[in-house]
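Quick notes on the structure that follows.
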Amino acid sequence: MNVGVNSSRLNLRLDGWRSRLLLIALVSCFAGLVGRAAWLQGFHAGFLQQKGEERYSRVIEMPASRGIIRDRNGQPLAISTPAESIWASREDVELSPAQSKSLAGLLHMDPRELAQRLNGGGRGNFVYLRRQVTPEVAQQIMDLKISGLFQQHGFHRAYPKGEETAHLVGFTDADDHGQEGVELAYQKDLGGSAGARRVIKDRAGHIIEDVESIRVPRPGQDIALSVDGRIQHLAYRELRNAVMVHRAKAGAVVILDTQTGEVLAMANYPDYDPNNREHLSGAQLRNRAITDTFEPGSTLKPFTIATALEAGKVTPNTVIPTGGGQMTIGTSTIRDTHPFASLTVAQVIQHSSNVGAARIALTLPSETLWNMFTDVGFGQTPKLGFPGEAGGRVRPFRSWKPIEQATMSYGNGISVSLIQLARAYTIFANGGQLRPLSLTRVSTPPSGRQVISSQTARQVTDMLELVVKPEGTAPAAQVKGYRVAGKTGTAHKVVGGRYANRYVASFVGFAPASAPRVLIAIMIDEPAGSSYYGGLVAAPVFSALMGNVLQMLAVPPDDPNSSLFDAPAAGAGSAEDT
Amino acid sequence: MSRLNIVLFALVVVLAIGVVHAQHRARRLFVDLQKEKDTAEQRVAEWNQLQIEQGMLASSHRVEDSAVHGLQMQLPPSSRTRMIVVGQPQIQGVR
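As given, the protein sequences belong to chains Y and E, one line each in that order.
First residue of the first sequence? That's 1 in my numbering, and the numbers climb one at a time after it.
First residue of the second sequence? That's 1 in my numbering, and the numbers climb one at a time after it.
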């Protein structure tokens with residue numbers, strides 16, 4: 001039949017290149033896949049794995065809480081509580097008028113101010129609406145379910161003792177960093193450091209697995225200050241009263257434990273409320289006891305006398321001619337408030353004679369006097385670690401003229417801070433030893449440096465006891481039942497380079513004089529009332545404070561001549577006579 | 001041989017379910033742990049809050065104020081006070 005067809009079919013053979021082409025195509029497809037797999041698995045794996053993990057793993061910040069500042073009895077002076085910050089992503093915020101109203105209400109904000117925050121002014125998309133709101137309020141805000149509104153965890157710092165400890169404790173800013181006082185000085189210890197960890201979250205946002213800890217959070221350490229809250233309260237109250245009664249510009253009090261060098265209280269006025277820090281001025285903020293220096297005036301005389309006693313130039317009974325209360329050096333005249341023809345060295349202190357102190361100082365080489373001032377810490381920062389510590393000023397002795405040496409002997413032409421003055425006085429209370437001061441609790445008192453002999457310290461203490469006797473300059477500083485040693489100071493202030501009729505009244509003293517425990521230094525700046533003498537302005541504060549502090553510390557009375565308490569009045573109600 | 005295979009297969013299935021179960025339990029416990037940790041944190045915050053409150057309520061200023069004004073208390077005059085020293089004969093008024 002049709003052989004031709006048959007034979008042509010038999011001859012129908014595909015060309016060999018076609019199968020080879022197909023083979024090559026298939027092989028290259030596989031090669032492509034293998035290559036891609038190798039690329040993804042081998043070279044690109046890290047990136048892809050990371051992308052994958054991002055779908056479910058999260059890095060969480062773990063904020064570290066700030067340490068608590070306590071007083072020596074464990075009472076809190078500064079504590080952190082959780083607080084939220086509310087912030088908005090401006091572009092994403094959509095507010096209905098009702099939402100706007102309730103949000104403004106919760107934020108304690110005017111609705112217009114809120115709208116202005118969200119729409120107008122300022123650059124960037126990110127804006128804080130309010131920082132440091134309580135967690136409850138933050139929750140209410142979040143419950144409004146406004147898109148573009150977020151909260152951020154943080155801490156709010158509370159100061160339970162408020163104004164009383166404001167200058168000492170200081171405060172933190174909204175980012176929980178110390179700005180003033182102890183909060184700043186001990187920022188390193190208090191602050192701690194935030195940690196971070198990687199976790200796996202499920203769809204609902206619950207953490208279901210801890211993957212790794214990236215940084216371990218280190219919570220801030222608590223700090224126990226040397227300050228006693230009760231003594232601090234007394235100091236603050238008495239100081240405020242004194243500043244108000246004498247219509248003074250400012251004032252400061254420092255109370256030291258003479259045996260350990262601990263600061264038991266440090267109060268300043270004018271003050272501020274650290275819990276509400278709007279409209280603050282520098283005058284309110286300053287911790288004057290540490291940052292301000294003043295010419296100490298007569299409170300410096302005991303150091304001049306101690307130097308002369310140490311040098312063997314005088315004994316407490318040496319008679320010094322005081323020329324009827326006047327003495328002329330070159331063109332300048334030194335005057336005494338209460339003129340005497342002559343005084344013993346002890347009486348020079350008791351009556352606070354400028355002429356007497358100057359005469360004694362002029363028998364000494366200037367270097368000896370300068371050494372004493374420097375040895376007790378004048379002219380150097382006290383190294384408490386407190387921000388803004390002032391060092392005061394003691395001019396180099398080579399440049400002293402005789403008149404300057406004379407005036408310096410009674411505290412003019414030299415500047416010190418109140419805390420320096422308080423510390424310097426501890427040499428008399430401490431048998432001649434000068435210890436470093438401490439703002440934190442001290443378990444074993446650090447060893448001091450012997451500045452004067454214990455005999456000189458005793459002699460000066462005896463003189464300082466005369467000051468509060470009826471003939472002295474500060475009978476108002478007496479404390480019932482205790483022997484008190486102290487010295488008044490009334491210094492003219494230097495205004496614009498010359499001495500003005502403005503004064504700094506001061507008193508530094510310690511008790512019980514037989515075995516000193518507590519030292520109090522008081523400075524009242526520009527008392528504007530009828531009296532401005534240290535013995536009238538500062539000494540009564542000392543007396544009130546010292547009496548209370550000694551009783552609080554249960555120090556037994558040491559004065560055999562006056563009892564702690566008056567005799568029961570004849571026939572007085574419940575008091576029985578024995 | 002095939003019987004051993006079946007036994008092994010069954011074992012694998014059981015163990016696989018066990019793994020899933022253990023994983024689930026671990027996660028559930030972890031969530032509980034997280035909750036407890038959160039609670040602990042809240043308690044600390046509350047404790048701090050209470051300490052602040054106590055500090056403010058027990059402040060010397062407040063106590064003094066309510067003693068003087070609220071309870072009409074006053075410091076006894078020294079004529080009506082007597083000091084007692086432990087282990088020593090009583091010190092009386094004036095010496």
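Glycine is no exception: its CB is placed at the ideal position from the N, C-alpha and C atoms.
Cutoff 8 Å: residue i Cβ touching any chain Y Cβ
i	result
residue 73 (chain E)	no
residue 62 (chain E)	no
residue 70 (chain E)	no
residue 95 (chain E)	Any reading at residue 95 (chain E) is ruled out, since the residue's pLDDT is 37, under 50, leaving its predicted position unreliable.
residue 84 (chain E)	no
residue 25 (chain E)	no
residue 116 (chain E)	Here chain E comprises residues numbered 1 to 95, so residue 116 (chain E) is not present and cannot be evaluated.
residue 48 (chain E)	yes
residue 45 (chain E)	yes
residue 6 (chain E)	no
residue 9 (chain E)	no
residue 14 (chain E)	no
Chain E contact for residue i (CB, 8 Å cutoff)
i	result
residue 55 (chain Y)	no
residue 209 (chain Y)	yes
residue 215 (chain Y)	no
residue 79 (chain Y)	yes
residue 229 (chain Y)	yes
residue 13 (chain Y)	no
residue 82 (chain Y)	yes
residue 3 (chain Y)	Per-residue confidence for residue 3 (chain Y) stands at a pLDDT of 49, beneath the threshold of 50, marking its modelled position as unreliable; the derived number appears in the next sentence. For residue 3 (chain Y), the answer is no, since every Cβ of chain E falls outside 8 Å of its Cβ.
residue 219 (chain Y)	no
residue 493 (chain Y)	no
residue 158 (chain Y)	yes
residue 512 (chain Y)	no
residue 167 (chain Y)	no
Neighbourhood of residue i by C-beta distance below 7 Å, restricted to the same chain and skipping five residues each side
i	result
residue 62 (chain Y)	194, 195, 196, 197 and 217
residue 427 (chain Y)	376, 433, 434, 451, 452 and 457
Residue from the options whose Cα sits closest to the Cα of residue i
i	options	result
residue 339 (chain Y)	Y:320, Y:329 and Y:185	Y:320
residue 456 (chain Y)	Y:403, Y:245, Y:304 and Y:251	Y:304
residue 44 (chain E)	Y:124, Y:430, Y:26 and Y:68	Y:68
residue 524 (chain Y)	Y:165, Y:234 and Y:254	Y:254
residue 208 (chain Y)	Y:57, Y:537, Y:299 and Y:75	Y:57
residue 513 (chain Y)	Y:542, Y:557, Y:540 and Y:545	Y:557
residue 232 (chain Y)	Y:429, Y:107 and Y:549	Y:549
residue 287 (chain Y)	Y:252, Y:275, Y:431 and Y:192	Y:252
residue 330 (chain Y)	Y:182, Y:401 and Y:268	Y:401
residue 224 (chain Y)	Y:264, Y:213, Y:371 and Y:238	Y:264
residue 59 (chain Y)	Y:214, Y:70, Y:124 and Y:390	Y:214
residue 585 (chain Y)	Y:414, Y:154 and Y:410	The requested residue 585 (chain Y) is not part of the displayed model; chain Y covers only 1 to 578.
residue 590 (chain Y)	Y:360, Y:358 and Y:392	In the structure displayed, chain Y extends from 1 to 578; residue 590 (chain Y) sits before or after that span and is not available.
residue 337 (chain Y)	Y:352, Y:360, Y:526 and Y:328	Y:352
residue 306 (chain Y)	Y:488, Y:441, Y:182 and Y:452	Y:452
residue 257 (chain Y)	Y:31, Y:27, Y:553 and Y:282	Y:553
residue 463 (chain Y)	Y:412, Y:429, Y:142 and Y:492	Y:429
residue 291 (chain Y)	Y:181, Y:357, Y:322 and Y:192	Y:181
residue 109 (chain Y)	Y:124, Y:259, Y:131 and Y:90	Y:131
Cβ shell of residue i (< 6 Å), same chain only, five flanking positions each side left out
i	result
residue 490 (chain Y)	297, 503, 505, 533 and 534
residue 570 (chain Y)	Low confidence applies here, because residue 570 (chain Y) scores a pLDDT of 44, under 50, leaving its location unreliable; read the following figure in that light. Hits under 6 Å: none found.
residue 350 (chain Y)	466, 467 and 472
Contacts around residue i, its chain only, beta-carbon distance under 8 Å, and the 5 residues preceding and following it disregarded
i	result
residue 446 (chain Y)	261, 435, 436 and 438
residue 272 (chain Y)	163, 166, 280, 284 and 285
residue 540 (chain Y)	242, 476 and 477
residue 326 (chain Y)	333, 334, 335, 336, 339 and 355
residue 582 (chain Y)	An answer regarding residue 582 (chain Y) cannot be provided, because it is not within the stretch 1 to 578 covered by chain Y.
residue 527 (chain Y)	246, 247, 248, 503, 505 and 537
residue 82 (chain Y)	135, 153, 154, 155 and 156
8 Å Cβ cutoff, residue i in contact with chain A
i	result
residue 19 (chain E)	Of the protein chains in the structure, Y and E, none is chain A.
### Segment contact flag, the region 309 to 319 of chain Y with the region 339 to 350 of chain Y, C-beta cutoff 8 Å, min 3 pairs
Segment contact: the region 309 to 319 of chain Y against the region 339 to 350 of chain Y, three or more CB-CB distances shorter than 8 Å; contact assigned.
### Query
Would you say the region 371 to 386 of chain Y touches the region 423 to 439 of chain Y, given that touching needs at least three Cβ pairs under 8 Å?
yes
### Task
Report the residue ranges of all alpha helix (DSSP H) runs contained in full by the region 506 to 552 of chain Y; include only those spanning at least 4 residues, in chain order.
534 to 537 and 539 to 552
### Query
Residue ranges of each beta strand (DSSP E) run of no fewer than 3 residues wholly in the region 59 to 88 of chain E, ordered along the chain?
none
### Task
Return the chain-ordered ranges of every alpha helix (DSSP H) run that is complete within the region 288 to 353 of chain Y and spans a minimum of 4 residues.
288 to 291, 301 to 310 and 345 to 350
### Query
With a cut-off of 8 Å, do at least 3 Cβ pairs link the region 394 to 406 of chain Y to the region 350 to 364 of chain Y?
yes
### Query
Is the number of C-beta pairs between the region 47 to 57 of chain Y and the region 134 to 150 of chain Y that are closer than 8 Å three or more?
no
### Message
Within 8 Å, do at least three Cβ pairs link the region 75 to 85 of chain Y to the region 51 to 67 of chain E?
### Response
yes
### Message
Taking 8 Å as the cut-off, does the region 88 to 104 of chain Y touch the region 231 to 247 of chain Y (at least 3 CB pairs, one atom from each stretch)?
### Response
no
### Query
Whole alpha helix (DSSP H) runs in the region 159 to 193 of chain Y with 4 or more residues, listed along the chain?
166 to 169, 181 to 185 and 187 to 191
### Query
What are the start and end residues of each continuous alpha helix (DSSP H) run of 4 or more residues lying completely inside the region 379 to 451 of chain Y, in chain order?
402 to 409 and 418 to 429
### Task
Kindly confirm or deny that the region 147 to 163 of chain Y and the region 172 to 180 of chain Y touch, where touching means at least three C-beta pairs closer than 8 Å.
yes
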